[in-house]
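Novice: The working numbering puts the first residue of the sequence shown at 80, with every later residue one more than the last. Don't be surprised by glycine CBs; every beta carbon is placed ideally from N, CA and C. What follows is a structure written as structure tokens; I'll ask about it next.
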Amino acid sequence: MGTRSKTWWGQRFLAALEEFTDPARIARGRGYAGDNRIKKWSLQQGTAKASVRGNINPYFGVYKEPTYQVTVKVTTLSVAQWQQIIAHLSQKASFISRLLLNEIPENIETAFSDAGLHFLPNSDEDFIVECSCPDYAVPCKHIAGVCFRLASLFDQDPFLLFEMRGLSPPKLQQELLKSPLGKVLATAKMAQPQPVERVENFYPRPQAIHLPEQVSLQQFWQGEKALPKYLEPPQEAMIPALVIKKGGDYPPFWEKPSSFIEVMEDFYSRMRKASLKNCS
80 MGTRSKTWWG QRFLAALEEF TDPARIARGR GYAGDNRIKK WSLQQGTAKA
130 SVRGNINPYF GVYKEPTYQV TVKVTTLSVA QWQQIIAHLS QKASFISRLL
180 LNEIPENIET AFSDAGLHFL PNSDEDFIVE CSCPDYAVPC KHIAGVCFRL
230 ASLFDQDPFL LFEMRGLSPP KLQQELLKSP LGKVLATAKM AQPQPVERVE
280 NFYPRPQAIH LPEQVSLQQF WQGEKALPKY LEPPQEAMIP ALVIKKGGDY
330 PPFWEKPSSF IEVMEDFYSR MRKASLKNCS
């Protein structure tokens, strides 16, 4: 089990812990994240519980190898707060598309900050920790070890962060799929790929058509069938620029700090204004 997180959300989780934890206990805590120290482990309903093997320490009156019980929780958001957050997430295809792909968008904190909240822990007020060891410091090295284990699990399943904040992953997905954007993106995700059709030539070959032997002037100029007198107006897409928005704000080819979707929206807006100006 690694002791250093590989993802930005796992690193942010550990950075918040390091802000209010003694550096020496943080350093020793890395050695308490492995299976040789953590004897029992459970993560249910957002609460991590572990039995951690300690050390003999006569200074604290510990003369035989002890086992300490550690609990780590993160403050949860209320149902009303989650409803507000989900309503904000459901308005952007970049958020929904990444979440439906089991990824956390890099700018997800903006959805929380607009509501005066935050997603990832950022202070000691976000942590609720307990340990049965005699160390006076909280968090101790055993708590730090459990947090390092949690960060490793977040690397593998980032939606555990939602569960620790009070929203189960199935509930999150269910709520996202209720929105119009979620329905469209989920349908596109589950669509079966079209089979590849083989062609003999990349360029279409001309085909001979049968021409009538005699053509009257009326047929020549007006055609054989009358043109329709009424054309149905085109229907607007439910989600404009869906192909662009499915890639999210920061697609793999986009290296600039600004959002790709916002840049494209500004580009098309300026092109539309220029076209209307030239037509007038």
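Ends of the beta strand (DSSP E) at A129?
Specialist: Note, A129: beta strand (DSSP E), 126-132.
Novice: Within 10 angstroms of the Cβ of H289, are there 16 or more other Cβ atoms? Answer buried if so, exposed if not.
Specialist: Exposed: under 16 other Cβ atoms inside 10 Å.
Novice: Around the Cβ of P307, are there at least 16 other Cβ atoms within 10 angstroms (buried) or fewer (exposed)?
Specialist: Flag for P307 reads exposed.
Novice: Buried or exposed: where does G195 fall if 16 or more other Cβ atoms within 10 Å of its Cβ makes it buried?
Specialist: Flag for G195 reads exposed.
Novice: Going along the chain, which residues of its own chain have a beta-carbon closer than 7 angstroms to the beta-carbon of S211, five neighbours each way excluded?
Specialist: Once the five neighbours on either side are set aside, the close Cβ partners of S211 are Y147, Q148.
Novice: Straight-line CA distance for V141 to E204?
Specialist: Those two C-alpha atoms are separated by around 31 angstroms.
Novice: Give me, in chain order, the residues of the same chain whose beta-carbon lies closer than 6 angstroms to that of A172; leave out the 5 immediate sequence neighbours on both sides.
Specialist: Taken in chain order, the residues that qualify are L260, K324.
Novice: In three-state DSSP terms, what is I187?
Specialist: In this structure, I187 counts as coil in the three-state DSSP scheme.
Novice: Let me confirm a value: Y215 is counted as buried when at least 16 other C-beta atoms fall within 10 Å, else exposed. Which label applies?
Specialist: Classification for Y215: exposed.
Novice: Output yes or no for whether 8 angstroms exceeds the beta carbon distance between F92 and A190.
Specialist: Cβ atoms of F92 and A190: not closer than 8 angstroms.
Novice: Which value, in whole angstroms, describes the spacing of the CA atoms of T126 and V278?
Specialist: In a straight line, the C-alpha of T126 is about 58 angstroms away from that of V278.
Novice: Within the same chain, show all residues whose beta-carbon is closer than 7 angstroms to that of Q163, passing over the 5 residues directly before and after it, in chain order.
Specialist: Here the set comprises A194.
Novice: Quick one: what's got a C-beta closer than 7 angstroms to K356's C-beta in the same chain, skipping five residues either side?
Specialist: Closer than 7 angstroms at Cβ, skipping near neighbours: no residue.
Novice: Distance check for S258 and A106, CA to CA, integer angstroms please.
Specialist: Cα-Cα distance, rounded: 45 angstroms.
Novice: Would you mind working out which of S192, I187, C219, L180 sits nearest F99, comparing C-alpha positions?
Specialist: The residue with the shortest Cα to Cα distance from F99 is C219.
Novice: Within 10 angstroms of its Cβ, does W87 collect 16 or more other Cβ (buried), or is it exposed?
Specialist: Answer is exposed; the Cβ neighbour count stays below 16.
Novice: From the DSSP output, in three-state form, read off K220 for me.
Specialist: Looking at K220 - three-state DSSP - the assignment turns out to be helix.
Novice: In chain order, what are the residue ranges of uninterrupted beta strand (DSSP E) at least 3 long that sit wholly in the segment 189-213?
Specialist: Runs of the beta strand (DSSP E) inside the segment 189-213: 206-210.
Novice: Alpha carbon to alpha carbon, how far is Y347 from S176?
Specialist: Distance between the alpha carbons of Y347 and S176: 22 angstroms.
Novice: Would you mind reading off the limits of the alpha helix (DSSP H) that contains K119?
Specialist: Not the alpha helix (DSSP H): K119 falls in the beta strand (DSSP E), residues 117-123.
Novice: Could you give the DSSP three-state label for N357: helix, strand or coil?
Specialist: Helix at N357.
Novice: Tell whether a beta-carbon distance below 8 angstroms holds between V275 and C226.
Specialist: Against a cut-off of 8 angstroms, the Cβ pair of C226 and V275 comes out as no contact.
Novice: Following the continuous beta strand (DSSP E) through K308, name the residue where it begins and the one where it ends.
Specialist: Segment: none, K308 is in no beta strand (DSSP E) and carries neither H nor E.
Novice: Residues in its own chain within less than 6 angstroms of E242 by CB, not counting five upstream and five downstream?
Specialist: These residues qualify, in order along the chain: G125.
Novice: Between which two residues does the beta strand (DSSP E) carrying K152 extend?
Specialist: Its beta strand (DSSP E) spans residues 146-153.
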